[in-house]
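Asker:
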Amino acid sequence: VICGDLCDALPESSWELRKEQMKDFYEIFQNVDESIPLICVCGNHDMGDQPTVETVSRYHTTFGDDYFSFWAGGVFFIVINSQYFYDGSKVPEITGEHNKWIDEQLKFSSQSKHGAVIFQHIPWFLEDPETEEESYFFLKKNVRKPMLEKLYKNGVRYVFSGHLHRNAGGFYKDLESVVTSAIGCQLGNNKSGFRIVKVQ
Numbered sequence: 424v425i426c427g428d429l430c431d432a433l434p435e436s437s438w439e440l441r442k443e444q445m446k447d448f449y450e451i452f453q454n455v456d457e458s459i460p461l462i463c464v465c466g467n468h469d470m471g472d473q474p475t476v477e478t479v480s481r482y483h484t485t486f487g488d489d490y491f492s493f494w495a496g497g498v499f500f501i502v503i504n505s506q507y508f509y510d511g512s513k514v515p516e517i518t519g520e521h522n523k524w525i526d527e528q529l530k531f532s533s534q535s536k537h538g539a540v541i542f543q544h545i546p547w548f549l550e551d552p553e554t555e556e557e558s559y560f561f562l563k564k565n566v567r568k569p570m571l572e573k574l575y576k577n578g579v580r581y582v583f584s585g586h587l588h589r590n591a592g593g594f595y596k597d598l599e600s601v602v603t604s605a606i607g608c609q610l611g612n613n614k615s616g617f618r619i620v621k622v623q
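Under the numbering used here, the final residue of the sequence shown carries the number 623; numbering is consecutive throughout.
1) For residue 479, report the span of its alpha helix (DSSP H) as first-last.
2) Mind the definition here: the stretch 505 to 517 touches the stretch 429 to 444 only if three or more C-beta pairs lie below 8 Å; say whether that holds.
3) Output needed for residue 547: all residues of its chain with C-beta closer than 8 Å, excluding positions within five of it in sequence on either side, in chain order.
4) Could you tell me which whole alpha helix (DSSP H) segments of length 4 or greater appear in the stretch 434 to 468?
5) How do the stretch 489 to 506 and the stretch 440 to 452 stand: do at least 3 beta-carbon pairs fall below 8 Å, yes or no?
6) Within its chain, find whatever has a CB closer than 7 Å to the CB of residue 478; leave out the 5 residues flanking it on each side and keep chain order.
7) Cα-Cα, which of 474, 611 and 473 is closest to residue 591?
8) Starting from residue 425, follow its DSSP beta bridges and name the residues at the other end.
9) Just tell me which of 614, 578 and 597 has its CA closest to the CA of residue 589.
10) Determine, using beta carbons only, whether residue 425 and residue 463 come nearer to each other than 7 Å.
11) Residues in the same chain with beta-carbon distance under 6 Å from residue 497, minus the five sequence neighbours each way, listed in chain order, please.
12) For residue 574 and residue 529, I'd like the C-alpha separation in whole angstroms.
13) Considering only residues of the same chain and omitting the five flanking positions on each side of residue 602, which have a CB-CB separation below 6 Å?
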């Protein structure tokens, strides 16, 4: 699972460079064993900090759906597009459809071994959902609090995200937020790498 920022060049301002980066992305991931599914999560570098109808359409054309769900090993996974929570003001209808879809998907959480597991790009919070007010690196408190409570009430106990370029994490009640650093550029003391999660 790649938790967003599949390429660095922004779709609205650096499209020609982005096309070259997408070509590299496709070539690199063609080398991954075909038995390993590749799950791509949409990030701010993939759709922009303020998604538009055009950037949403370009993402769909190049990488597919920007939100979806799937079952694996008896666990239900929901991939959401956190850009709509960050700033969906230019695509209100798409944002509304996305949020309604999340509500529908959460109905399946009780059938999953560990409740639904969420993947997204921008974390809800880094360490403490109660004290963190506002930052580029996590979602605003007025959006975060009702969504965290909704996820929690529907049995979600794990949310995985990226965006921060360093490792972080914390808890909302017993819902764990796991923020994994980037494979590339680091903004903290973590080394480039990836996280292995064992689901039992």
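Glycine included, each C-beta is placed from N, C-alpha and C at the ideal position. Keep in mind it's a predicted model, so treat the numbers as computed, not measured.
Answerer: Considering the structure as presented:
1) Residue numbering aside, residue 479 sits at position 56 when the sequence shown is read from its first letter. Unbroken alpha helix (DSSP H) run through residue 479: 476 to 486.
2) Judged by Cβ distances under 8 Å, the stretch 505 to 517 makes no contact with the stretch 429 to 444, as fewer than three pairs qualify.
3) Locating residue 547 in the sequence shown gives position 124, where the first residue counts as 1. Within the same chain, 561, 562, 567, 570, 571, 582, 584, 595 and 600 come within 8 Å of residue 547 by CB-CB distance, once the 5 residues on both sides are set aside.
4) Restricting attention to alpha helix (DSSP H) runs no shorter than 4 residues, the stretch 434 to 468 encloses them at 438 to 452, ordered along the chain.
5) Taking 8 Å as the limit for Cβ pairs, the verdict is that the stretch 440 to 452 does not touch the stretch 489 to 506.
6) Counting from one through the sequence shown, the residue named residue 478 turns up at place 55. Close CB contacts of residue 478 within its chain, under the 7 Å cut and outside five residues either way in sequence, are with 434, 435, 470 and 471 (chain order).
7) The residue labelled residue 591 in the question sits at position 168 within the sequence shown. Answer by Cα proximity: 611.
8) By 1-based counting over the sequence shown, the position of residue 425 is 2. Residue 425 is bridged to 463.
9) One-based indexing of the sequence shown puts residue 589 at position 166. Cα-wise, what sits closest to residue 589 is 614.
10) Locating residue 425 in the sequence shown gives position 2, where the first residue counts as 1. Locating residue 463 in the sequence shown gives position 40, where the first residue counts as 1. For residue 425 and residue 463, yes; Cβs fall inside 7 Å.
11) In the sequence shown, the residue the question calls residue 497 occupies position 74. 536.
12) Mapped onto the sequence shown, residue 574 falls at position 151. Mapped onto the sequence shown, residue 529 falls at position 106. Cα atoms of residue 574 and residue 529: separation of roughly 8 Å, rounded to the nearest angstrom.
13) Residue numbering aside, residue 602 sits at position 179 when the sequence shown is read from its first letter. Counting only Cβ-Cβ distances below 6 Å, and skipping sequence neighbours, we find 546, 584, 587, 591 and 592.
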